[in-house]
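So for the sequence shown, this note's numbering puts the first residue at 68; every next one is plus one.
Quick reminder that beta carbons are idealized off the backbone N, C-alpha and C, glycines included.
Each remark here refers to the structure printed beneath this line.
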Amino acid sequence: MLNYGEKFDTGLTYHDFLHKFGTDEQRRRWQGVHERILLTDAQKTLLSSFQREVKVLCLAGAWCGDCVNQCPIFDHFEIANPKIRIRYFDRDANPDLGAALSVCGGARVPVLLFLSEDDFQVGFYGDRTISKYRAMAQAQLGPACPTGLIAEPEELLSAVVQDWLNEFERVQWIVRLSARLRQKHGD
């Protein structure tokens, strides 16, 4: 089994990841999505309320369309609260992590592994959010699968941002309410 804490320490920041693994065109595409993401005041307030440090290993690919549309969201979260520490790993350059974080038997991206401040696994999430899968199901399965829950295409990015924020919040509550960490921090 991988030592995720040690692995985290070898990861790259958002910009370093893109510099090392992205082409100029890929970096342009990531920047275009990054500029479209607008956190609401409520989302910023929620993010700023997070009190516990959380380490996040993000398995990604600069070439991946899902990563282009989701990883910039994570950068916004990290900017909003320095207690969120994210390190990026190229899937193809890290086959050990790719194997450990497979989804449904496949090397999918992006995949996030959440760790506590002292490197205990807290959660695992990827490769797409529920809003994205609903949109994909509607497009690929057609009228046989109408749910009425699909966001309109122009609203999909906002829905995916909220889906990811919900997961980051869930992880924050896990570490915030952990008896072990509450004892450690005296709260």
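Exclusion of the five residues before and after C138 leaves Y81, W97, C125, A127, Y155, P177 as the residues of its chain whose Cβ lies within less than 8 angstroms of its Cβ. At a cut-off of 4 residues, the continuous stretches assigned as alpha helix (DSSP H) that sit fully inside the region 144-178 are 162-167. When the Cα atoms are used, Q229 and T107 turn out to be separated by approximately 10 angstroms. Around the beta carbon of A129, a 10 Å sphere encloses 16 or more other beta carbons of the protein chains shown; the residue is thus reported as buried. By the C-beta criterion, the region 163-177 is judged not to be in contact with the region 145-153, since fewer than 3 inter-stretch pairs fall below 8 angstroms. For a cut-off of 8 angstroms, the C-beta gap from V170 to V135 is around 18 angstroms, too long to register as a contact.
Judged by DSSP secondary structure, G253 falls outside any alpha helix (DSSP H); it is assigned neither H nor E. With respect to the C-alpha of E234, the residue from F84, V123, Y71 having the closest C-alpha is V123.
For G72, the enclosing alpha helix (DSSP H) starts and ends at 71-76. Here D159 is exposed, its C-beta having fewer than 16 other C-beta atoms within 10 Å. The straight-line gap separating the alpha-carbon atoms of Q110 and L232 is approximately 8 angstroms.
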